[in-house]
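These notes concern the structure reproduced below.
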């Protein structure tokens, strides 16, 4: 059974459903955050992402799960909108 993009990015998953492979998760996260470059670190076992703010500065995220990545990326995007960075 494969999780849908919405289930992956919203954190809805049943304990009995196996986690999707990292490539599937990265595709789902990339669909949710199109301005971000997102990848899975095989050596670190973590999700990584980078995004350029309006003023050109780069911001990065490291997360141990897709849910954590979503939380951090949303927080960054919210703060960017609030501060016009």
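In full-length UniProt numbering, the protein residues as written are 1 to 85. For every residue, glycine included, the Cβ atom is placed at its ideal position computed from N, Cα and C. Keep in mind it's a predicted model, so treat the numbers as computed, not measured.
Label residue 47 either buried or exposed according to how many other C-beta atoms from any shown protein chain fall within 10 Å of its C-beta, with 16 as the threshold for buried.
Buried, since its Cβ has 16 or more Cβ neighbours within 10 Å.
Taking the straight line between their C-alpha atoms, what separation do you get for residue 1 and residue 23?
In this predicted model, residue 1 has a pLDDT of only 47, less than 50, meaning its place in the structure is not dependable enough to derive any value.
Just mark residue 54 as buried or exposed, buried being the case when its beta carbon has 16 or more other beta carbons within 10 Å.
Exposed, because fewer than 16 other Cβ atoms sit within 10 Å of the Cβ of residue 54.
Smallest Cα separation from residue 44: which of 83, 30, 62?
Ranking 83, 30, 62 by Cα distance to residue 44 puts 62 first.
How far does the alpha helix (DSSP H) with residue 26 in it extend, from its first residue to its last?
Segment 22 to 32, the alpha helix (DSSP H) holding residue 26.
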